Structure formats: structure tokens, C-alpha cells
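Residue numbers (this note's numbering), protein chains in the order written: chain F, 1 to 117; chain A, 1 to 117.
Glycine residues also receive a C-beta, built at the ideal position from the N, C-alpha and C atoms.
None of the values given here were measured: they were computed from a predicted structure.
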DNA sequence: TAGACATATCAGTCACGGATGATATATAGC
DNA sequence: GCTATATATCATCCGTGACTGATATGTCTA
């Protein structure tokens, strides 16, 4: 039998792990550009490629990732696959992020710990 | 002179870059555990080390990163440095993230594209 | 069924960034 | 000033994950 403390530890660890994965899913300019492109309307992979400038395999890979994470969902229509945001609350998340950024923008911008890549 | 389109492109690129950096700052379990520890009260580095189980240099490194990004601010008090969340909206961000996760939790959990490390 | 188009997968390369151990800096007390 | 404690920095190693080019799968049209 596990103590309450241990149980709470595990719950917390799981929460952190999930949050980490979610944020990691969002911690990529390519994926963010895809999500942004999908903000207003569903798009085919070709359209996404055209808008974002990503290579087709690259876009496809990111879409698979986003899809597996549930952030995006794809629907086959003939030869095309139309992707859409699966949760509109992503927009809220971006709005909140931008709020945070307007307050700490310079800081994040000038932080040299990791690049923009 | 730049066209409007080009200007908008650059603004968008900057936005994406900043968002990417913000999310990357949050895309690490160690940093998330630090931010979580600081959610209720300011803490010294030693306390953070004790709570999170991180090594002292590692915690210090992450704190520098978080500090440079403006997510956290430190204040020297004698031999100690007390860190605090610099923006309480981080809590809102985590709440919103957890909302998203409860809807897409399984998906993110089982997504094999990147590990929990 | 053949050929064209849309998307997905695969193998390989490469850089970023997180962790560690050792060490440096700084502040307090004696 | 000397020692102990608290925190920061440094060099290094190593794994993860993003990108590319080639290729496979799948779907439509003729």
C-alpha cells in the first residue's frame, strides 16, 4: 500500500509530465504556424504547406504529432485531408500567452538559453 | 520600403518566435516543478532544491533561464536568494492547460513523438 | 488499369539543450 | 581575515527531436 504522500507525488508527477508534453507540443515554431493557420478554418495539407512554407514531409510529420496529441484532427475528403483545431481553447491559450508576452516580452526575447529555431 | 504583406509576415514571425520561446521555457518538467513550487509562496534556491529534488546546479541553471525569460524574479536576502513568480497569470495558463489536457489527456499521454524527459 | 496528384512514412543527419561534477563567487558569523 | 554556507558558473557528455530527400501509400480521373 502506498502512502497518501506517495500517491499525491505520483499525481503531481503525472500532471507535470502531461503539461510538459503539451507545452513541448507547442514549443515549435513550425507547429505554432500550423496551428495559427488552422485558427480560422480547416485546411488541407497542401494549403498548410503553401501558407507556412514548410516542406510537405515536414508539415505532414508535425501534423501527425499534433494529431496524435489531439490538438488537431484530420478528415479525409477524397485525395485531401482536411485538418482543423480540435479544441478552440487553444485560441484562449494563445491569447493568454500573448498577454504574458506583452508583459515579459523583452525578457523572453533576449533570453539566450535557447534559440528561436 | 517594405510591403504591408512583408511587414505583417515579420510581425507574425516575431509572434511565433516569442510564443515558441515562451512555450519552450515551459516545456520542461524541471522548470514546471519549480514554477509549481513557487505558485503559492517565494522560495530560496535551497528550498526549491529540497522540494523538487533537482540538483543545486541544475536548479540554479533553470532559475537563471526562468529569470532571464521574466517568468520568475529573484531577490537577494543575505546569503539566500528568494525567487517568486513574476506574473500570476502563469497560474491561469496552467489552469487552461489542464482544462485542455482533461479533454485531450489520453491523446497527449500516448503521443510517442517526444518523451517525457 | 494506368497515370497523376495528395499525403504519409522512412532512414539518416545534425544541432539544441538538459544533466552532471567540479569549481567559482558571495555573504554571514566567528 | 578565515571558515562555512548559499548560490552561480563552467566544461562536458549525451539524448532528443527537427529537417531533408527518397520512397511508399492512397485516391481520383481518363
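N-terminal and C-terminal residue of the alpha helix (DSSP H) that residue i is part of
i              : result
residue 38(A)  : Unbroken run through residue 38(A): none, as it is neither H nor E.
residue 113(A) : No alpha helix (DSSP H) contains residue 113(A), which DSSP labels as neither H nor E.
residue 65(F)  : 56-68
residue 47(A)  : 45-52
residue 13(F)  : 4-26
Contact with chain A by residue i, beta-carbon distance below 8 Å
i              : result
residue 59(F)  : no
residue 68(F)  : yes
residue 41(F)  : no
residue 4(F)   : no
residue 24(F)  : yes
residue 27(F)  : yes
residue 107(F) : yes
residue 114(F) : yes
Spatial distance of residue i from residue j (CA atoms)
i              : j              : result
residue 25(A)  : residue 91(A)  : 15 Å
residue 93(F)  : residue 97(A)  : 7 Å
residue 87(F)  : residue 36(F)  : 13 Å
residue 64(A)  : residue 76(A)  : 14 Å
residue 101(A) : residue 29(F)  : 21 Å
residue 67(F)  : residue 113(A) : 11 Å
residue 3(A)   : residue 62(A)  : 41 Å
residue 51(F)  : residue 74(F)  : 17 Å
residue 12(A)  : residue 59(A)  : 33 Å
residue 14(F)  : residue 8(F)   : 10 Å
residue 47(F)  : residue 108(F) : 31 Å
residue 34(A)  : residue 6(F)   : 19 Å
residue 111(F) : residue 111(A) : 29 Å
residue 106(A) : residue 10(A)  : 36 Å
Residues that DSSP places opposite residue i in a beta bridge
i             : result
residue 75(F) : 82(F)
CB contact below 8 Å: residue i versus chain F
i              : result
residue 91(A)  : no
residue 103(A) : yes
residue 99(A)  : yes
residue 55(A)  : no
residue 10(A)  : no
residue 38(A)  : no
residue 44(A)  : no
Pair within 8 Å by beta-carbon distance, residue i and residue j
i             : j              : result
residue 99(F) : residue 89(A)  : yes
residue 23(A) : residue 17(F)  : no
residue 32(F) : residue 20(A)  : yes
residue 85(F) : residue 104(A) : no
residue 83(F) : residue 57(F)  : no
residue 81(F) : residue 55(F)  : no
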